[in-house]
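Engineer:
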Amino acid sequence: MIEETIRDITILPGRNRKGIQEAFLEIHIRPGDTLSIVGPTGSGKSAFINDIEIFANRDTVTGRQILVNGKLPPERYVRDPAAKPVALITQNTRCLCDLSVSDFLRMHLLSRGYMKESCIQETINLANQFTGEPITAHVRMTSLSGGQTRSLMVADAILISNTPIILLDEVENAGIFKEKVIEVLRQHHKALLFVTHDPLVSLLSDRRIVMQDGAVSKVIEPDGAEEHAIRQMLHMDGIIGRMREMIRAGELITQPVPVSW
Amino acid sequence: MKLVIIAGPPSAGKTAVTRQIIRIHPELKSAYLKIDVVCATEDEEIRNEFHIPAKKVYSGDLCPDHAGIMILDEAIEWAMTEGADMLIVESAGLCLRCTPYTTQSFGIVVLSAISGIQSPAKMAPMIALADIAVVTRIDLVSQAEKEVFREKIRGIRGDIDIVETNAVQGTGMRYLTRAIGEAPDIENPATITLRGIPPLGVCTVCIGKTNIGWKHHTGVLRQLDGDALMFRGD
């Protein structure tokens, strides 16, 4: 549905809550990039991705402007969700639509103007790589758990919306396999922006945007300098993940957990 | 003076949309009229918040959309006397069958994104004759639900302008602002007519008779079998 190839999204700076200009000249996002947005609660992380989602044109509280391929995006990108090159997965993990999973996905496919029946099962299969509790085609959307809904929405954004840019607001919250999500999104050559409090998700991103007082205060590009921290974090995350699975499975943990890292 | 008519089911966010319209059009002096059935406090809220002329009309035993039609000419006169540049009329939003929009006005239908995927079809007449559909509570649904809801509205009328918003925050309102800005003023109040024909509602239930069964009523009636309407009485 997107005629033009998205090569670059440019974020032009706005102002913080005191009216001072943000600490960057331009932020460029290209397909395959991963960025995490970090900072304390209330620092403006969600507002940052919302600006991208609605292609702010100096008309939001932050005063930022978003360009696509170096120019103002056509109105369709902003107004027609089916033409929009951006998908936002919010923290909301409830689906209000009381349809079966397959009917819901079919309806979404139709609204995007194409119908490939196999795409429905592919989307469910992909979602099942992100969640511990498998989703089946005939269950109702409203009876899915938070993690299942989030997993399905991520899979839907990749395969059905198929947008080049995906914004994820606190992906770690719903208890889904976040490394798997990052890996799959990279495979599909999507540009990814995570709003996150998770150290591992932050460290695995190519760039970190640090928010403070409603504005970007720093853009960090570690470029390999954090290798050691990443290894340490993966190790810890491995232990936490393993213990979580054991606890979920009803086991008694009497020994240090072995990890393969 | 511009005439803006806002319709939509109860609790869809009509008043939140009204507030945004008043807020983002400081260059236009607004007047506000709320039509409701038994209780409305919106006129007081709007008056206190924006210090603009605001009024309410209770329709009582009359269908609220019919009541709105009856008093619209006098309301335009009132707003003009108040020196308003824009009169915003907010309907009660009940039967979903009436379309309160008129000629020489800008018609807005307000729908809530969380009202269910079939709701656009249920209020088809309200959508079909509007100039713009404003979908509220968009922050509460997923991308996929947003797209599906939009298609459902387009299924009623393919060329309708759609604005998606979190009306409390005011996101996405820039396109509504523009459309209202471009809407023409009333040319001649005497020639304003309804865009659609409201349904017949003239039976003795309308005036407060409580018996059930068509045999107890006069006026325009119907029976269980068959869709045909019949008339009983003088």
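Read top to bottom, the protein sequences are chains E and S. 898 is the number of the first residue of the first sequence in my numbering; add one for each residue after it. 125 is the number of the first residue of the second sequence in my numbering; add one for each residue after it. For glycine and all other residues, C-beta sits at the position ideal for the given N, C-alpha and C. Computed from a prediction, not measured in an experiment: that's the story for all the values here.
For S:LYS158, which of helix, strand or coil comes out of DSSP?
Structural biologist: Strand.
Engineer: Could you check how far apart the C-beta atoms of E:ILE1062 and E:ARG1009 are, in whole angstroms? I think they sit under 8 Å.
Structural biologist: The Cβ separation is near 16 Å, so there is no contact.
Engineer: What did DSSP end up calling S:GLU206 once you bin it into helix, strand or coil?
Structural biologist: It is coil, neither helix nor strand.
Engineer: So, for S:ALA136: in the same chain, excluding its five sequence neighbours on each side, which residues have a beta-carbon less than 8 Å away from its beta-carbon?
Structural biologist: Hits under 8 Å: GLY217, VAL234, LEU235, SER236, SER239 and THR260.
Engineer: If you draw a straight line from the alpha carbon of S:ILE363 to that of E:TYR974, how long is it in whole angstroms?
Structural biologist: Nothing can be reported for residue 363 of chain S, as the shown portion of chain S is limited to 125 through 358.
Engineer: Cβ of S:PHE273 within 8 Å of Cβ of S:ILE251?
Structural biologist: No, these two residues do not count as a Cβ contact at 8 Å.
Engineer: Exposed or buried, S:GLN144, counting other C-beta atoms within 10 Å across all chains shown (16 or more means buried)?
Structural biologist: Per the 10 Å Cβ criterion, buried.
Engineer: How would you label E:THR902, buried or exposed, when you count the other beta carbons within 10 angstroms and need 16 or more for buried?
Structural biologist: It is exposed - the Cβ of E:THR902 has fewer than 16 other Cβ atoms within 10 Å.
Engineer: Would the beta-carbon of S:ARG319 fall within 8 Å of that of S:TYR225?
Structural biologist: Cβ distance < 8 Å, so S:ARG319 and S:TYR225 count as in contact.
Engineer: Just to confirm before moving on: does the CB-CB distance between E:VAL1116 and E:ARG1139 stay below 8 Å?
Structural biologist: No, these two residues do not count as a Cβ contact at 8 Å.
Engineer: S:LEU152 and S:ILE200 look like a contact to me (Cβ under 8 Å); what is the Cβ gap, rounded to whole Å?
Structural biologist: About 15 Å separates the two Cβ atoms, so there is no contact after all.
Engineer: Return the CA-CA distance between E:ASP1066 and E:GLN1045, expressed in angstroms with no decimal places.
Structural biologist: Approximately 16 Å between the Cα atoms of the pair.
Engineer: On the DSSP bridge assignment, give the partners of S:CYS327 in chain order.
Structural biologist: S:CYS327 pairs with S:GLY343.
Engineer: Interface residues of chain E around S:ALA360 at Cβ under 8 Å?
Structural biologist: No answer is possible for residue 360 of chain S: it lies beyond the span of chain S, which begins at 125 and ends at 358.
Engineer: Leaving out five residues on either side along the sequence, give the residues of the same chain with a beta carbon under 7 Å from the beta carbon of E:GLN918.
Structural biologist: Hits under 7 Å: PRO910 and ARG912.
Engineer: Can you grab the Cα-Cα spacing for the pair S:THR342 / S:GLN293, in whole Å?
Structural biologist: Rounded to the nearest angstrom, the two C-alpha atoms are 49 Å apart.
Engineer: Where E:MET1038 and E:VAL1078 are concerned, what is the direct C-alpha to C-alpha distance, given to the nearest angstrom?
Structural biologist: Approximately 21 Å, taken between the alpha carbons.
Engineer: On a CA-only basis, which of S:VAL265, S:ASP263, S:ALA268 and S:ILE232 is nearest S:LEU253? Give me that one, please.
Structural biologist: Checking every option, the nearest Cα to that of S:LEU253 belongs to S:ILE232.
Engineer: Quick check on the DSSP output: what are the complete beta strand (DSSP E) runs of length 3 or more inside the region 270-318 of chain S, in order along the chain?
Structural biologist: Qualifying beta strand (DSSP E) stretches, in chain order: 285-288.
Engineer: How about S:THR260: is its C-beta nearer than 8 Å to some C-beta of chain C?
Structural biologist: Annotation note: the requested chain C is absent from the structure, which comprises protein chains E and S.
Engineer: Within 10 angstroms of the Cβ of E:LEU1090, are there 16 or more other Cβ atoms? Answer buried if so, exposed if not.
Structural biologist: E:LEU1090 should be labelled buried.
Engineer: What residues in the region 266-293 of chain S have a beta carbon less than 7 Å from any beta carbon of chain E?
Structural biologist: So the close ones are SER266, GLN267, ALA268, GLU269, LYS270, GLU271, VAL272, ARG274 and GLU275.
Engineer: Would you call S:ASP197 buried or exposed, if buried means 16 or more other Cβ atoms sit within 10 Å of its Cβ?
Structural biologist: So S:ASP197 counts as exposed.
Engineer: Tell me which residues share the same chain as E:VAL1098 and place their Cβ nearer than 8 Å to its Cβ, disregarding the 5 neighbours each side in the sequence.
Structural biologist: Excluding sequence neighbours, E:VAL1098 sits near SER933, VAL1068, GLU1069, LYS1075, ILE1079 and PHE1091.
Engineer: If you draw a straight line from the alpha carbon of E:ALA1034 to that of E:GLU1142, how long is it in whole angstroms?
Structural biologist: If you take the alpha carbons of E:ALA1034 and E:GLU1142, they lie about 25 Å apart.
Engineer: To which residues of the same chain is S:GLU166 closer than 6 Å at the C-beta, ignoring the five residues directly before and after it?
Structural biologist: Hits under 6 Å: THR139 and LYS158.
Engineer: Are the C-beta atoms of E:ASN989 and some chain S residue less than 8 Å apart?
Structural biologist: Yes, because at least one Cβ of chain S sits closer than 8 Å to the Cβ of E:ASN989.
Engineer: Candidates E:THR907, E:GLN1152, E:ALA953 and E:PRO1031: which alpha carbon is nearest S:TYR299's?
Structural biologist: Of E:THR907, E:GLN1152, E:ALA953 and E:PRO1031, the residue nearest in Cα terms is E:ALA953.
Engineer: Got a sec: which bits of the region 961-985 of chain E sit with their beta carbon under 7 Å from any beta carbon on chain S, in order along the chain?
Structural biologist: Listed in sequence order: ARG976, PRO978, ALA979, ALA984 and LEU985.
Engineer: Can you pull the chain S neighbours of E:MET1108, defined as C-beta to C-beta under 8 Å?
Structural biologist: The premise fails here: E:MET1108 is roughly 19 Å from chain S at the closest Cβ pair, so nothing lies under 8 Å.
Engineer: Comparing the C-beta of S:LEU300 with each C-beta of chain E, is any distance below 8 Å?
Structural biologist: Chain E contact via Cβ: absent.
Engineer: If you measure from the beta carbon of S:LEU264 to each beta carbon in chain E, is any gap under 8 Å?
Structural biologist: Chain E contact via Cβ: present.
Engineer: Taking only three categories from DSSP, how would you classify E:SER1058?
Structural biologist: Correct three-state label for E:SER1058: helix.
Engineer: Just to check my reading of the structure: E:ILE963 and E:ASP948 have Cβ atoms closer than 8 Å, yes? What is that Cβ distance to the nearest angstrom?
Structural biologist: Indeed they touch by this definition, with Cβ atoms about 6 Å apart.
Engineer: Show which residues of chain S have a CB atom less than 7 Å away from the CB atom of E:ASP930.
Structural biologist: What E:ASP930 touches in chain S: nothing, since even the nearest Cβ is about 20 Å away.
Engineer: Chain S partners of E:CYS1016, CB-CB under 9 Å?
Structural biologist: Simply none; closest approach about 13 Å.
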